[in-house]
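Novice: This is the structure, below, for whatever I ask next.
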Amino acid sequence: MGKRKVGALEKVDADLASLQYRCRRDPQSYRDDFQRQYDQYKTYLELFLQNPSSTDDNSLISLREQIDFVAHVADSYPSITATFPDDLIKLLGHHEELEHETREKIVGSLVLLRNKDVITSELLLRTLFPILIATTSKALRQLLFSKVISDLRTSNSKSTNHRLNKTIQTVLHNLLTEDRSSPKGIWAVKITREMWKRQIWTDAKAVEIMKEAALADNEKVIAGGVRFFLGGDKEREEAAEESSDEDDGVDMGKLRHQAGINKKTKKKERELKKAAATVKKKEKKKTAPHALNFSALHLLHDPQGFAETLFSKHVQNSKSKLTLDTKILVLQLVSRLVGLHRLTVISLYSWFLKYLTPRQQSVTAFLACLAQSTHNLVPPDVLEPLIQKIANEFVSEGSASEVCAAGLNSIREICVRQPLAMNDTLLQDLVDYRKSKDKGVQFAARGLLSLYREVGAELLKRRDRGKDAAMGLRSGAHQERRFGEEEVGEIEGIELLEKWKEEERRKKRIEAGLPADAPTDEDEEEGNESDDWNNWDVASDDSDSSTGWIDVDPEGEEINISDSEDEKERPAKKAKLDNEVLDAKKENKGKSEEPTEARKISKLASTRILTPADLAKLQELRLASNITANMPSQKRRQALAARHADDPLTAAEIEAPGLLGKRNTKEEKIAMAKADHENDHRSTTARRKEKKQAEGKSTTNKEKARKKNFLMTLGKAKGKQKRSLVDVRKTLRGHLDRQKRGGKRGNR
Amino acid sequence: MGSSAKKKKEKKKDFQKAKLKVGKTQAKPANYTDTSFKAKAIVLTQQSLSANAPTVAAQCAHHLSMLTHKSDTQRKESLAYLTTAISSSPSGQPLPQPPAVILPAVQRLILDGSNGVRQQLLRLLQALPAGEIANHSDQLLLHTRAGMTHLASDIRVFALDILEWLLGVAGGEVVSCAGGWVKMLKCFLGLLGWQNETAGKWSVTRPFGKAGGDTKVQVKQMMALATFLRAGLLPLQTAIDPAVGGNSFPLWQTEHHLLSERSNVYAHLNLFGAPRDEEAEMYEDREDRQRVFHVRAESAITAGLEQATKGGGELGRAAAQLRRVVKDGMADFHGEQGMIH
Chain P
1 MGKRKVGALE KVDADLASLQ YRCRRDPQSY RDDFQRQYDQ YKTYLELFLQ NPSSTDDNSL
61 ISLREQIDFV AHVADSYPSI TATFPDDLIK LLGHHEELEH ETREKIVGSL VLLRNKDVIT
121 SELLLRTLFP ILIATTSKAL RQLLFSKVIS DLRTSNSKST NHRLNKTIQT VLHNLLTEDR
181 SSPKGIWAVK ITREMWKRQI WTDAKAVEIM KEAALADNEK VIAGGVRFFL GGDKEREEAA
241 EESSDEDDGV DMGKLRHQAG INKKTKKKER ELKKAAATVK KKEKKKTAPH ALNFSALHLL
301 HDPQGFAETL FSKHVQNSKS KLTLDTKILV LQLVSRLVGL HRLTVISLYS WFLKYLTPRQ
361 QSVTAFLACL AQSTHNLVPP DVLEPLIQKI ANEFVSEGSA SEVCAAGLNS IREICVRQPL
421 AMNDTLLQDL VDYRKSKDKG VQFAARGLLS LYREVGAELL KRRDRGKDAA MGLRSGAHQE
481 RRFGEEEVGE IEGIELLEKW KEEERRKKRI EAGLPADAPT DEDEEEGNES DDWNNWDVAS
541 DDSDSSTGWI DVDPEGEEIN ISDSEDEKER PAKKAKLDNE VLDAKKENKG KSEEPTEARK
601 ISKLASTRIL TPADLAKLQE LRLASNITAN MPSQKRRQAL AARHADDPLT AAEIEAPGLL
661 GKRNTKEEKI AMAKADHEND HRSTTARRKE KKQAEGKSTT NKEKARKKNF LMTLGKAKGK
721 QKRSLVDVRK TLRGHLDRQK RGGKRGNR
Chain A
1 MGSSAKKKKE KKKDFQKAKL KVGKTQAKPA NYTDTSFKAK AIVLTQQSLS ANAPTVAAQC
61 AHHLSMLTHK SDTQRKESLA YLTTAISSSP SGQPLPQPPA VILPAVQRLI LDGSNGVRQQ
121 LLRLLQALPA GEIANHSDQL LLHTRAGMTH LASDIRVFAL DILEWLLGVA GGEVVSCAGG
181 WVKMLKCFLG LLGWQNETAG KWSVTRPFGK AGGDTKVQVK QMMALATFLR AGLLPLQTAI
241 DPAVGGNSFP LWQTEHHLLS ERSNVYAHLN LFGAPRDEEA EMYEDREDRQ RVFHVRAESA
301 ITAGLEQATK GGGELGRAAA QLRRVVKDGM ADFHGEQGMI H
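Have a look at this one:
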């Protein structure tokens, strides 16, 4: 039933809006009126509580209008309205029976009270959250969710409200742990993910919530939790990027130009100044280093236990009723954890054996997971049967070329991570596929070959080893890395820097007239030192932003580098995939270049503090010495090293070489060509022109002349008869020329 | 663009008029929708053919449902119908609809926006048999109180009429029902502007009572308050039936041990409701009411009365009447000390 129409006369008398306005303006004078309204509200409330499902549409003023009114002026009369929030909360307890408008009004009023600081955030969230998970109304859920999120955001906007966050996180955690099979846990997942995305919650506790979600019994909750670990950080980064390049807004150049042309007033000047200030602020914000955020995978407690439980509960357990998609998701998470933290879950590998057949649904995902879960601490004898099985099932002349390529590629991905898992007969067999007719198989086999040239050339046939590897083997520089052997960490090229420093010192001494090789005495050393400190910064021309010191915002994210109990594994975010194998080779190469010089570990880094200037010099020296850096193999290696350890290996990457040889059909080609301008029927020129205009570039003089109003050109146009002979000749020549070229804008 | 002849023609095509031809039907427009339909039979919906008119009870039920109609006139007419149906029903017979059905439906109309509807409502209520009201007095009182605090002044005044009627019909129940005493007193004090400002700031000197209030309304309010206090503070004049106490020789005062005839006898125990505070408590005893009155309202009313008496005229007369009621009602109240002795 619609709302009854209120006559004009009635309106004048029963105008809550005007009373509200007056109460806000002068609370003391209208106290009595407010008191009466409050009594009225109380009576209505009593009436309403007798029968919550009744609607009072017909009365002049409904309960929800009263609630709205009281909520708006409640902060002016704190003594009168002391029980008002409790009343609302009690009333919201009847949310199942309440009329939807009233319900929404009550929620809105509570949020309003929170914004006016009448009630605390905690009380508000403690009220809204139980209703959010209990209600069956979709609209109310949506409203409550948005309110909860926005309240959490606002209360964390100025500074992090640790207490509130902790309480809410505890509530969410309890929700997940007390009933693992209920679907209500999805709300905990949703809220946490949203908070994570907005970088409001970045701590281990939020990750703990998601961990509980991933270990739940309800499929939706599991999927939510697992997806968070797989994609939450990427989502967060994207959101941050989006917000940063969201509003580039003002065009300073344009404003300045306008200020030069238009009338100069104080107001315009002020506006210009203001715009300049905002632009500057934005610029500052852009260049400021963004807060250090650790990825969720690094903030996990006990990843080993988590991975084991996940695997045994959801994947290995024959009683778990997850769909294949969810199972693959969980598997992806398990394998990422294993790969990233180098965990030991031995049963994982034998489990894979069953699924490695080309007929298995989404087998590339399984292959990717297998490769991802391999690391250099996995025993090679566990992996060997798997590789054998892949080779048998996928790689044969009989199988389709895509299947073959995927198999080879996945073997390569496994062997990149654990080269010892391969034996020579199988490798030589597989490498022979580089002579296949199919391009994809060729590429995949070549990839395997080039990998083993670097990490295990002795497994290859003599003629396949290539020049570098053969020479390395002969000189003994190529040494196979044993199982479990780790590379010694060092700064690349530090010995070059040391050498350079020594030379510099010698030069200085010669200048000073001292014997070059005499041992340095103390004070001179001091002098050198101070010189170094004076040259702290790099000269401005060769400094780039990455070498400069970064001020970490003290207001921002707290950086916890203490080895406290709850963050045991010090997260090394975006640690480069330390491909020891490759690095080892590099090292070896260095050795082979100067084999006579005994390697000793440089003490420079451990005795001195390297200044930014030192680091810049180091980079320079490195570049100068490394002539091989531009060779294609080196480039490949760099690309590989640039891969972040956090980045997952996807099924698409496994499939990639298989798609290389694939030919597109005619339809596909046409569709691809059409795709970019499907809805745009303009010519290429028009599109280019528009693009140019959008970039703010000006037009050519020719273009301007063409566009010029015809009447403006009239005065200049002379009659044909009155032209001078020179002009006539010019025109005729021009005509001839054009004829030759083929038109005015001819195709030169 | 659009320079070629083909394109021009194409453009023109959209605006060409179809030529009319003699002897041919006119061409249908492009946006023509075919709305014709075929049916094998036409069925008329059943019509009620009953010869006898609906009973009065059915009619009343219909009109009760019409009370939520959006038109003022319809509501008023429905009320009028109900009034005549009730008043014309023979005295021995039960009403066409029991009051337990009628009252919940009509009580919301106390807050109705239209004056005509409200007046008609009062007539209907007055037509109802007095004995039946008592059981519904608490609900009615709630609505009355909502009316008394309403934003619209004429509804406020009208609620006083209702209150006077209610006190006349079921005074005892009204003052003793849950929240009936204290909340009403508070409400009255609010209406008259006689609240004793306890939390007032020292710098703000506020006039006691309303400065330029409508005297007529105020007189009416005071009269209603007087009636209310009379019902609450003065002892009930219930003539004890000598026949009941006397002649059932072996049993004495049996009526005290019997279950009361009132409905909801144990309401004061509040077994199922929310816990009540002092305001919402039931004050069934006259002495209780006196005590609460003394604590909460007496001083404010006395002060207010002084102010009103000074005003003189009609206001003064009403004040005098009210004062007499207060004096009579509190005559046998001795305060806390008296209670202890």
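As you go down the protein sequences, you meet chains P and A in turn. Using UniProt numbering, read the first sequence as starting at 1 and increasing by one per residue. Using UniProt numbering, read the second sequence as starting at 1 and increasing by one per residue. Quick reminder that beta carbons are idealized off the backbone N, C-alpha and C, glycines included.
1. With a Cβ-Cβ cutoff of 7 Å, do Arg412 (chain P) and Leu451 (chain P) count as a contact?
2. Does any residue of chain P bring its CB to less than 7 Å from the CB of Ala146 (chain A)?
3. Assign Ile42 (chain A) to one of two classes, buried (16 or more other C-beta atoms within 10 Å of its C-beta) or exposed (fewer than that).
4. What residues in the stretch 125 to 149 of chain A have a beta carbon less than 8 Å from any beta carbon of chain P?
5. Does Thr235 (chain P) come within less than 7 Å of chain A when only Cβ atoms are used?
6. Quick one: is Ile510 (chain P) buried, meaning 16 or more other Cβ sit within 10 Å of its Cβ, or exposed?
7. On the criterion of 16 or more Cβ atoms from any shown chain inside 10 Å, does Thr364 (chain P) qualify as buried, or is it exposed?
8. Using 7 Å as the threshold, is the C-beta distance between Val395 (chain P) and Leu377 (chain P) below it?
9. In whole angstroms, give me the CA-to-CA distance for Glu690 (chain P) and Gly23 (chain A).
10. Using a Cβ-Cβ cut-off of 7 Å, state whether Pro242 (chain A) counts as contacting chain P.
11. With a 10 Å radius around its C-beta and 16 neighbouring C-beta atoms as the bar for buried, classify Gln120 (chain A) as buried or exposed.
12. Restricting to Cα atoms, I'd like to know which of P:Val111, P:Ile133 and P:Gln258 is closest to residue 749 (chain P).
13. Considering Cys60 (chain A), what are the terminal residues of the alpha helix (DSSP H) in which it resides?
14. Output the boundary residues of the alpha helix (DSSP H) element that contains Arg738 (chain P).
15. Of the residues that make up the stretch 90 to 107 of chain A, which ones have a beta carbon closer than 7 Å to any beta carbon in chain P?
16. Closest to Gly339 (chain P) by C-alpha separation, out of P:Ser373, P:Ser318, P:Leu230 and P:Ser320, would be which residue?
17. Cα separation between Asp438 (chain P) and Leu322 (chain P)?
18. How big is the Cα-Cα spacing for Ala139 (chain P) and Gln66 (chain P)?
19. What residues from chain P crowd round Gly190 (chain A), counting only those whose CB sits closer than 9 Å?
20. Which value, in whole angstroms, describes the spacing of the CA atoms of Ser109 (chain P) and Pro29 (chain A)?
21. Which residue comes first and which comes last in the alpha helix (DSSP H) that contains Arg198 (chain P)?
22. Looking at the unbroken alpha helix (DSSP H) that takes in Asn174 (chain P), where does it start and where does it end?
23. Looking at Val334 (chain P) and Leu310 (chain P), is the spacing between their C-beta atoms short of 7 Å?
24. I believe Cys177 (chain A) touches Ser137 (chain A) by the beta-carbon criterion, under 8 Å. Please report the beta-carbon distance rounded to the nearest angstrom.
25. Pro99 (chain A) lies in the alpha helix (DSSP H); which residues open and close that run?
26. Under 7 Å, CB to CB, which of the residues in the stretch 147 to 174 of chain A have a partner in chain P?
27. Note down the Cα distance separating Leu473 (chain P) from Ser436 (chain P), rounded to an integer number of angstroms.
28. Put Gly513 (chain P) into one of helix, strand or coil per three-state DSSP.
29. Would you kindly work out how many angstroms separate the C-alpha atoms of Asp680 (chain P) and Ser698 (chain P), rounded to a whole number?
30. Helix, strand or coil for Glu485 (chain P)? Go by DSSP, reduced to three states.
31. Can you round the beta-carbon distance between Arg230 (chain A) and Val325 (chain A) to whole angstroms, since I take them to be within the 8 Å contact cut?
32. Counting Cβ pairs closer than 8 Å, one from the stretch 28 to 35 of chain P and one from the stretch 67 to 80 of chain P, do we hit at least three?
33. Enumerate in chain order the residues of its own chain whose CB-to-CB distance from Ala85 (chain A) is below 7 Å, with the five nearest sequence positions on each side excluded.
34. What are the boundary residues of the alpha helix (DSSP H) that His72 (chain P) is part of?
35. Measuring CB to CB, does Lys389 (chain P) end up less than 7 Å from Leu420 (chain P)?
36. Measuring only the C-alpha atoms, how far is Asp614 (chain P) from Glu283 (chain P)?
Specialist: With the given structure in hand:
1. Contact flag set, yes.
2. Taking Cβ atoms only, chain P reaches closer than 7 Å to Ala146 (chain A), which makes this a yes.
3. The residue is exposed, with fewer than 16 neighbouring Cβ atoms inside 10 Å.
4. Of all residues in the stretch 125 to 149 of chain A, Gln139, Leu142, His143, Arg145, Ala146 and Thr149 have a Cβ within less than 8 Å of some Cβ in chain P.
5. According to the sequence displayed, residue 235 (chain P) carries Glu and not Thr. Chain A contact via Cβ: absent.
6. When all chains shown are included, Ile510 (chain P) counts as exposed.
7. Result: buried.
8. Taking 7 Å as the cut-off, the beta carbon of Val395 (chain P) is found no closer than this to the beta carbon of Leu377 (chain P).
9. Going from the Cα of Glu690 (chain P) to the Cα of Gly23 (chain A) covers about 56 Å.
10. The predicted position of Pro242 (chain A) is uncertain, since its pLDDT is 49 and thus under 50; a value taken from the coordinates is nonetheless stated next. Nearest CB-CB separation between Pro242 (chain A) and chain P: not below the 7 Å threshold.
11. With 16 or more Cβ atoms within 10 Å of its Cβ, Gln120 (chain A) is classed as buried.
12. Outside the shown range of chain P (1 to 748) lies residue 749 (chain P), about which nothing can therefore be said.
13. Here the alpha helix (DSSP H) through Cys60 (chain A) covers Val56 to Ser65.
14. In the DSSP assignment, Arg738 (chain P) falls within the alpha helix (DSSP H) that extends over Leu725 to Arg741.
15. Listed by position along the chain: nothing, the set is empty.
16. Cα-wise, what sits closest to Gly339 (chain P) is P:Ser373.
17. Approximately 38 Å, taken between the alpha carbons.
18. The alpha-carbon atoms of Ala139 (chain P) and Gln66 (chain P) are separated by roughly 23 Å.
19. For the C-beta of Gly190 (chain A), the chain P residues within less than 9 Å are, from N- to C-terminus, Asp32, Gln35, Arg36 and Asp39.
20. Roughly 56 Å between the two C-alpha positions.
21. Counting along the chain, Arg198 (chain P) falls outside any alpha helix (DSSP H), and DSSP gives it neither H nor E.
22. Its alpha helix (DSSP H) spans residues His162 to Glu178.
23. Less than 7 Å separates the beta-carbon of Leu310 (chain P) from that of Val334 (chain P).
24. Between Ser137 (chain A) and Cys177 (chain A) the Cβ distance is about 6 Å, and since that is below 8 Å, they are a contact.
25. It spans Pro99 to Val106 - the alpha helix (DSSP H) in which Pro99 (chain A) sits, taken as one unbroken run.
26. Cβ contacts with chain P: Thr149, His150, Leu151, Ala152 and Ser153.
27. If you take the alpha carbons of Leu473 (chain P) and Ser436 (chain P), they lie about 28 Å apart.
28. Three-state DSSP puts Gly513 (chain P) in coil, outside helix and strand.
29. So the two alpha carbons sit approximately 23 Å from each other.
30. Three-state result, Glu485 (chain P): coil.
31. Between Arg230 (chain A) and Val325 (chain A) a beta carbon distance of about 5 Å is seen, short of the 8 Å cut, so the two are scored as contacting.
32. Under the Cβ criterion (8 Å, minimum of three pairs), the stretch 28 to 35 of chain P counts as touching the stretch 67 to 80 of chain P.
33. For Ala85 (chain A), same chain residues with a beta-carbon under 7 Å away, outside a window of 5 residues either side, are Val56, Cys60 and Pro96 in chain order.
34. The continuous alpha helix (DSSP H) containing His72 (chain P) extends over residues Leu63 to Val73.
35. Cβ atoms of Lys389 (chain P) and Leu420 (chain P): not closer than 7 Å.
36. Each residue's Cα considered, the two are about 29 Å apart.
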